[in-house]
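Numbering (full-length UniProt numbering), first residue to last: 1 to 132.
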């Protein structure tokens, strides 16, 4: 992986500090969201354990679907949080804003919309085509 310094990125230290603060804020928001989702999941499990008398197949299926949805939400939040953690690491290394695939600069517009982006649009499209 190519490492770029602040001169190579064209960003001032103030801009880098602002990016870092923005990434850290979003990471903290996701951490709080995760903690809330864990608490909701635990409440759901407690209700489920205490309320099984008289369940038919539909009730059981509904509870399973709710449990699966809660687990999916937890995984999604953890994945997003990991993306922001990776973005912070890349910022510290000086590689933030450069594509992990081709080392080209990632357009600012893409980073504004998706701050944890690690690839340029071309490399992202290539990965998606290969995955399909």
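The beta-carbon is built from N, C-alpha and C at its ideal position, and this holds for glycine as well.
Bridge partners of residue 105, per DSSP?
To locate residue 105, count along the chain shown from 1; it is residue 105. Within the DSSP bridge table, the entry for residue 105 names 98 as partners.
Are the segment 115-132 and the segment 94-101 touching, with three or more C-beta to C-beta distances below 8 Å?
yes
Verify whether the separation of the beta carbon atoms of residue 34 and residue 85 is less than 9 Å.
Here residue 34 refers to the residue found at position 34 of the chain shown. Here residue 85 refers to the residue found at position 85 of the chain shown. The answer is no: Cβ separation not under 9 Å.
Straight-line Cα distance separating residue 61 from residue 14:
Within the chain shown, the letter at position 14 stands for residue 14. Within the chain shown, the letter at position 61 stands for residue 61. Straight-line Cα distance between these residues: approximately 53 Å.
Where residue 70 sits in the DSSP three-state scheme:
The count along the chain shown starts at 1 and reaches residue 70 at position 70. Correct three-state label for residue 70: helix.
Residue 44 beta carbon less than 9 Å from that of residue 75:
Here the question's residue 75 lines up with position 75 in the chain shown. Here the question's residue 44 lines up with position 44 in the chain shown. No, they are not a contact pair.
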